[in-house]
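Engineer: Have a look at this one before I ask anything.
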Amino acid sequence: MEEKIYEQGKVIDRLSQSEIHLGEVVRQQGIAIDRMQGQLAKYEANLDRLLAGLNERDRIVEREEAKIHERLNRHRYDIREKDKIIQGIDRRVGIQAHEIDSLKERVSYYDDRLLDVSLLGLLDFQGLIL
């Protein structure tokens, strides 16, 4: 019986040692979990900062895009207005070119008439015309 009690004592000692060991493993795992939770909290904080930065960047990009669109619309309007002015100038230039051509024709006609009259006057002066 004594031996049985001794063996049971050994088993109880081993179980106690196992319990102590398991308690230490659980404590270490708790420490590891706490560290992991701390790291997770840091990652979450970093992620929040990154998301806030991205959101701010998106707002800035949207404002800049709106400014660019506004400038483009103004340039389009300016180009359309300038195009209208150029078309008006083109019409006036076309009319003036037509008037110049008409004047050239008239000048050529009167130049030919003047030459004819001058030649007749010269011939008359020299007595060659009867």
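The numbering of the sequence shown is the working numbering, which starts it at 2 and goes up by one.
The C-beta atom is built at its ideal place from N, Cα and C for all residues, glycine as well.
The structure displayed is predicted, hence computed values, not measured ones.
(1) Whole angstroms are fine: how far does the CA of residue 67 sit from the CA of residue 32?
(2) Ignoring anything shorter than 4 residues or poking outside the region 77-121, list the alpha helix (DSSP H) runs there in chain order.
(3) By how many angstroms is the C-alpha of residue 79 removed from the C-alpha of residue 40?
Structural biologist: In terms of the structure at hand:
(1) 52 Å
(2) none
(3) 58 Å
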